[in-house]
Amino acid sequence: MFTDAIESRHNCPIPQKKGKPKSETKSYRPVSLLPTLGKILEKLLLERLNFPFWTNNLQAANKYGFTVNKSSEGAIVDFIDETEMTRSTKQHALVISLDIKGRQVALNTPQGPATLPQHGGCPQGSCTDPAFWNLVANEVLAQSWPEGVHLQAFADDFIFLIKALTKAKVKSLANEALNQFKSWTAKHNLEISADKSNYMHFNKNRNGPRWSAGIRWEGNLLKRKLSIKYQGVFIDDKLNFATHLSELKNKTLNLYQKIKSIAASNWGLNKNIRRKIYFTVIERILLYGVPAWANNITSRQQRLLNSIQRKFLLNITGAYSTSPTTALQVIEGITPLHIKAQMESILVRVGRLRRDCNWEGSSFFKSGFSATKFSSYHSSS
1 MFTDAIESRH NCPIPQKKGK PKSETKSYRP VSLLPTLGKI LEKLLLERLN FPFWTNNLQA
61 ANKYGFTVNK SSEGAIVDFI DETEMTRSTK QHALVISLDI KGRQVALNTP QGPATLPQHG
121 GCPQGSCTDP AFWNLVANEV LAQSWPEGVH LQAFADDFIF LIKALTKAKV KSLANEALNQ
181 FKSWTAKHNL EISADKSNYM HFNKNRNGPR WSAGIRWEGN LLKRKLSIKY QGVFIDDKLN
241 FATHLSELKN KTLNLYQKIK SIAASNWGLN KNIRRKIYFT VIERILLYGV PAWANNITSR
301 QQRLLNSIQR KFLLNITGAY STSPTTALQV IEGITPLHIK AQMESILVRV GRLRRDCNWE
361 GSSFFKSGFS ATKFSSYHSS S
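Numbers 1 to 381, taken from this note's numbering, label the letters of the sequence shown in order.
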């Protein structure tokens, strides 16, 4: 069935995360480097597989990873919009993030079903693996869920938003939804890591008291968090993104210290290279996920963004530390971060995600922008 072009590959282990012991297999992410002919053959198979899948509109609307015309930005914005709608209707809500671990290979044989635990992980790099996973994930996303339960997925990251008028109803819906999700994981021999899975509570009153829902998975109590990281954006229980901006500040401060070690005010890299580093690295890190958190920037967030940008402006210009931030922005022609964030937020929401948007009394409508749609799937005779 498979040719040598597909079966031959070069596995390249790449360190996964900092701080993990190098002696453990899980500390590495194996990536398969397939030959060109193998990639071409897999693409042909994938084209044929996806044609009936897309033409018959079988893809779940709330599935984002490995999906045409879907992105992490869309996943974040949809979830934030759903959460803000819950807050506007004065309902209690729970966010439950589930992490899948310990995958198994299950096969039906003449002697009965056989399973093989995958402790070492599956090498990444195949073109068809995401399509096969979509078939599995689509099954649970397409199910009928109780009213007040919202489930969405990006690749193998699943997140629930459960809302109701009372805390008791929220707990009841959460247990019902998890039991339904558990039947799907049992069917496909998937396990949930209780250590990495957690939940967060949104009070219907912004300043209301925090409470513990006591959510369990197979008898293990899930951890309650004050903020959950979803697709690179920290969502806190106040929905003001203070945690996210604080993390951005710490991350960019670390980068700033590294840049200073190779480029001070009067030695090191020249000014043009420093500007390029700022625009291509620093600014892109700071503006990630802006459609979610930069829709309504407060004055406090504006001051924080200015303080982050100021360090890099001083490094680029070599000016005195007493120089006003606004003067540095004008001299270098660099747009203030809060304005750039709001500009990109509108551009992504209206132009890419096709949503109407308002900003400081001005309305932007998706009908006034053209969008690129990718639909390259076609039948093969």
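Glycine residues also receive a C-beta, built at the ideal position from the N, C-alpha and C atoms.
Beta strand (DSSP E) segment containing residue i, residue limits
i: Q152; result: V149 to F154
i: N198; result: N198 to F202
i: I235; result: V233 to D236
i: S363; result: S362 to F364
i: A93; result: H92 to K101
i: K311; result: Looking at the DSSP string, K311 is not in any beta strand (DSSP E); the run it does join, the alpha helix (DSSP H), is S299 to T317.
i: Y230; result: S227 to Y230
Endpoints, the alpha helix (DSSP H) within which residue i is located
i: F53; result: T36 to T55
i: S345; result: L337 to I346
i: D81; result: S72 to S88
i: Y256; result: A242 to K260
i: L328; result: T325 to E332
i: I277; result: K271 to I277
i: I285; result: E283 to L286
i: P291; result: V290 to W293
Beta-carbon contacts of residue i that lie in its chain and below 7 Å, excluding the five residues immediately before and after
i: E176; result: P146
i: A275; result: According to the sequence shown, residue 275 is Arg rather than Ala. Hits under 7 Å: I316.
i: T243; result: S227, F234 and D236
i: S376; result: Any reading at S376 must be qualified, since the residue scores a pLDDT of 44, below 50, and its modelled position is unreliable; the value itself is stated next. Closer than 7 Å at Cβ, skipping near neighbours: no residue.
i: G219; result: none
i: K204; result: K90, Q91 and H92
i: Y278; result: F312 and I316
i: I331; result: T317
i: L45; result: T128
i: T3; result: In this predicted model, T3 has a pLDDT of only 49, less than 50, meaning its place in the structure is not dependable enough to derive any value.
i: I282; result: T252, L255 and F312
Whole-angstrom C-beta distance between residue j and residue i, which should lie under 8 Å
i: G65; j: A155; result: 3 Å
i: Q152; j: D78; result: 7 Å
i: L239; j: T83; result: 6 Å
i: E73; j: L353; result: 7 Å
i: T325; j: N306; result: 5 Å
i: A319; j: L328; result: 6 Å
i: W184; j: E139; result: 7 Å
Same chain, Cβ closer than 6 Å to residue i, neighbours up to 5 away in sequence not counted
i: E344; result: L287 and V290
i: L98; result: F158, I192 and S197
i: K163; result: T86, Q91, A93 and G148
i: I76; result: Q231, V233, G289 and A292
i: T280; result: none
i: N295; result: S345
i: I308; result: K249 and T252
i: Y256; result: K311
i: K43; result: C127
i: W217; result: I192 and A194
i: C357; result: I346, R349, V350 and F364
i: L165; result: Q91
i: H150; result: E82 and L161
i: L313; result: L328
i: H119; result: The pLDDT assigned to H119 is 44, lower than 50, so where the model puts this residue is not dependable, and the model offers no usable value.
i: E451; result: Nothing in the structure corresponds to residue 451, since the chain is present only between 1 and 381.
Proximal residues to residue i (C-beta, below 8 Å), its chain only, five neighbours per side dropped
i: A213; result: L94, K167, V170, K171, A174, Y199, H201 and R224
i: L304; result: L245 and K249
i: A263; result: L269, I273, R274 and N315
i: L222; result: I96, A194, S197, N198, Y199, I215 and R216
i: K382; result: Not covered by the structure: residue 382. The range shown for the chain is 1 to 381.
i: T67; result: Q59 and N134
i: V136; result: H188
Residue i at chain B interface by Cβ criterion, 9 Å
i: L41; result: Although the question refers to chain B, the structure presented lacks it and comprises just one protein chain.
Stretch pair the stretch 47-61 + the stretch 263-278: three plus CB contacts closer than 8 Å: No, the stretch 47-61 is not in contact with the stretch 263-278.
Meets three-Cβ-pair contact criterion under 8 Å: the stretch 291-310 and the stretch 262-271: By the Cβ rule, the stretch 291-310 does not count as touching the stretch 262-271, because fewer than three pairs are nearer than 8 Å.
Within the stretch 131-180, ranges of the alpha helix (DSSP H) (whole runs, at least 4 residues): Those alpha helix (DSSP H) runs which fall completely within the stretch 131-180 and span 4+ residues do not exist here.
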